[in-house]
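Engineer:
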Amino acid sequence: MKINSFLLILLFILMSSVTSSSQAKEKAKHVIFIGLDGWGAYSVPKADMPVVKQMMADGCYTLKKRTALPSSSAINWASMFMGAGPELHGYTQWGSRTPELPSRVVNEHGIFPTIFQLLRDARPEAEIGCLYEWDGIKYLVDTLALNHHALSPDYTEKPEVLCRMAESYIKEKKPTLLAVCFDNPDHVGHGAGHDTPAYYAKLKELDTYIGRIVSAVEEAGMLKQTIFIITSDHGGINKGHGGITMQEMETPFIIFGKNIKSGGEFSESMMQYDVASTIASIFGLKQPQVWIGRPMKQVFK
């Protein structure tokens, strides 16, 4: 009888340990990824972005995340979503819609594995979305793995539309993973130029949209179970990008929310493809062997 009781207690301890281990793998139930195209890290100290800077103070960040080369859009959005660089995923040009190099591996949808597909495979019931202002994003996210994706129309004339789309989607669907990709400040960088009054005015405006998205998450009852990531594909210099200056190469990465330390700036090296790995780590997902990204484990409690 004593032996049976001992075995039952041991079994209970083992089951509790497995359950605790499983629960520990997931660091949050929701991730809201917000990308600002063309946002150079050089601009952050000067920028009037109180929402973002509060996230930096309450969470963790680096202003030293480096782009993959060349420092242009499709290459780097792909790298952030695909956990690898252009040498492996094959997207090598500013506006790549299909790989110029054969992708080293493709999934059942015929595209290099993305964080969206990884989450979909692990959790078929998950609500996964992507909203964007630049049409090129849809070629890089594996739309077949998404529940919803949509292009914001006429954003140069109606800059608030993408924000409103994100607010509505969050409140209605409470997504597990949502990527919201703004095409600015890149558009202003190519027009008025980087590091100009117009560029900083756009950053201030975008900060208000980020604040509204956070408020939408709170209204949806998700805030206490959400991690926010705010980042960029590349920076810029004068009226362009694609080169190897640090103004083009260094981008901000800010992470804030559930189970994120109030650690401020971290010193560890970070690349674009580490973003996908970090999101995978949040959801407790095993990344594909072809990915080369590393999760930023130091930011988690």
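Read the sequence shown against the working numbering and you will find it ends at 377, with the numbers running on by one and no gaps.
Just so you know, even glycine gets a beta-carbon here, dropped at the ideal spot from N, CA and C.
All of these numbers come straight from a predicted model, not from anything done at the bench.
Give the DSSP bridge partners of cysteine 136, in chain order.
Structural biologist: Looking at the DSSP assignment, cysteine 136 forms a beta bridge with Ile331 and Gly340.
Engineer: Got a sec? Which residues, its chain only, sit under 6 Å from threonine 138 by beta carbon, not counting five neighbours each side?
Structural biologist: Around threonine 138: Phe329, Phe342 and Met346.
Engineer: If you drop the 5 nearest sequence neighbours on each side, which residues of the same chain put their C-beta closer than 7 Å to that of threonine 190?
Structural biologist: Taken in chain order, the residues that qualify are Phe157, Met158, Val217, Asp218 and Ala221.
Engineer: When burial is assigned at 16 or more other CB atoms within 10 Å of the CB, is asparagine 314 buried or exposed?
Structural biologist: The residue in question, asparagine 314, is exposed, as its Cβ has fewer than 16 Cβ neighbours within 10 Å.
Engineer: Is there contact between the segment 246–257 and the segment 106–114, where contact requires at least three CB pairs shorter than 8 Å?
Structural biologist: Enough Cβ pairs lie closer than 8 Å, so yes.
Engineer: Please specify which runs of the beta strand (DSSP E), each continuous and at least 3 residues long, are wholly inside the segment 192–261, giving them in chain order.
Structural biologist: Runs of the beta strand (DSSP E) inside the segment 192–261: 204–208, 224–227 and 253–258.
Engineer: Return the residue from the list Gly166, Lys234, Glu201 and Gln130 that minimises the CA-CA distance to arginine 180.
Structural biologist: Arginine 180 has its Cα closest to that of Gly166, out of Gly166, Lys234, Glu201 and Gln130.
Engineer: With DSSP collapsed to three states, give me the class of lysine 122.
Structural biologist: The answer is coil: DSSP assigns lysine 122 none of H, G, I, E or B.
Engineer: By Cβ distance below 6 Å, which residues in the same chain neighbour aspartate 124 in space, the five residues on each side in sequence not counted?
Structural biologist: Cβ neighbours of aspartate 124 beyond the five flanking positions: Lys280.
Engineer: Exposed or buried, which one is arginine 338 when buried takes at least 16 other CB atoms within 10 Å?
Structural biologist: Note on identity: in this sequence residue 338 is serine, with arginine being the wrong assignment. Burial call: exposed.
Engineer: Helix, strand or coil for lysine 141, going by three-state DSSP, please let me know.
Structural biologist: In this structure, lysine 141 counts as strand in the three-state DSSP scheme.
Engineer: Where does valine 375 sit, in a helix, a strand or coil, going by DSSP?
Structural biologist: Valine 375 falls in the helix class under three-state DSSP.
Engineer: Going by beta carbon distance, what residues of the same chain come within less than 6 Å of valine 351, once the five residues before and after it are set aside?
Structural biologist: The residues are Met156.
Engineer: Rounding to the nearest angstrom, what Cα-Cα distance links lysine 362 and alanine 226 in this structure?
Structural biologist: Distance between the alpha carbons of lysine 362 and alanine 226: 28 Å.
Engineer: Shortest alpha-carbon distance to leucine 145 belongs to which of Tyr231, Phe332 and Gly319?
Structural biologist: Selected option, being the one with the closest Cα: Gly319.
Engineer: Buried or exposed for glutamate 295, please, with buried defined as at least 16 other CB atoms from any protein chain shown within 10 angstroms of its CB.
Structural biologist: Result: exposed.
Engineer: Report the rounded CA-to-CA distance for glutamate 324 versus arginine 370, giving the unit in angstroms.
Structural biologist: Near 22 Å, if we compare the C-alpha coordinates of arginine 370 and glutamate 324.
Engineer: On a CA-only basis, which of Lys373, Lys140, Pro251 and Glu209 is nearest leucine 299? Give me that one, please.
Structural biologist: With distances taken between Cα atoms, leucine 299 lies closest to Pro251.
Engineer: Given this structure, state the Cα-to-Cα distance separating arginine 142 from serine 172, to the nearest angstrom.
Structural biologist: Between arginine 142 and serine 172, the C-alpha separation is close to 20 Å.
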